[in-house]
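Here the structure is laid out as structure tokens; the discussion comes afterwards.
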Amino acid sequence: MEIQSNNLSTFRVLFIIKGIFNLLGALFFVGYGFFMNMLFSEVGHDASAPFEMSTLFGVISGLGFVVCLIFGVVTLIAAKYIGEARNYTFVLIASIMNCLTGILGILLGVFAILEINKPHVKVLFNQNQ
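In the working numbering, the protein residues as written are 92 to 220.
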């Protein structure tokens, strides 16, 4: 019987790195909201504007923070499950989600989907359920 290798340990490390990048992106949005709020509070509110610009940038930075935080946590949890070779569906969904996060996410997501759909890797996931 031939032992077939898999790259799950490599994908586990790559998912950890991508999760950390997503969490750093969340920190970017915190800084973005802070500095834009400072900038527009110095300028003041124009009476003819229908809304305050600092509120708009606060909402944008808050949404960006939450999205990056969710993607980062989901990616780190998927890395844990890849290392344990369990929760196939969660890892598949996390790989698809990573395809929405730029070129690094697209590459990681596509190659992870290809790897976990190999028959001998699916057997590993099915054994550990």
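We put the beta carbon where it would ideally sit given N, CA and C, even for glycine.
The structure presented is a predicted model; accordingly, all values stated were derived computationally and were not measured.
With a cut-off of 8 Å on the beta carbons, I'd call residue i and residue j a contact; round off their distance for me.
i: Met127; j: Phe148; result: 4 Å
i: Ala169; j: Phe156; result: Wrong, their Cβ atoms sit about 20 Å apart, outside the cutoff.
i: Ser152; j: Phe120; result: 5 Å
i: Met188; j: Val165; result: 6 Å
i: Leu229; j: Gly110; result: Because residue 229 is not part of the residues shown, which for the chain are 92 to 220, the question remains open.
Less than 6 Å between C-beta atoms, sequence neighbours within five positions excluded: which residues of the same chain meet that for residue i?
i: Phe131; result: Met144 and Ser145
Classify residue i as buried or exposed, calling it buried when 16 or more other Cβ atoms lie within 10 Å of its own Cβ.
i: Asn113; result: buried
i: Val212; result: buried
i: Leu199; result: buried
i: Val163; result: It should be pointed out that residue 163 corresponds to Gly in this sequence rather than to Val. So Gly163 ends up on the buried side.
i: Phe37; result: Since the first and last residues shown for the chain are 92 and 220, residue 37 lies out of range.
i: Leu191; result: exposed
i: Leu205; result: exposed
i: Ile197; result: exposed
Leaving out five residues on either side along the sequence, give the residues of the same chain with a beta carbon under 7 Å from the beta carbon of residue i.
i: Tyr172; result: Asn178, Phe181 and Val182
i: Ala203; result: Phe102 and Ser186
Could you pull out every residue in the same chain whose Cβ sits closer than 8 Å to the Cβ of residue i, ignoring the five residues on either side in sequence?
i: Leu195; result: Lys109 and Phe112
(request) Spell out a yes or no on whether the region 160-179 and the region 206-220 are touching, meaning 3 or more CB-CB pairs, one atom from each, closer than 8 Å. (result) yes
(request) Return the chain-ordered ranges of every alpha helix (DSSP H) run that is complete within the region 151-217 and spans a minimum of 4 residues. (result) 179-189 and 193-207
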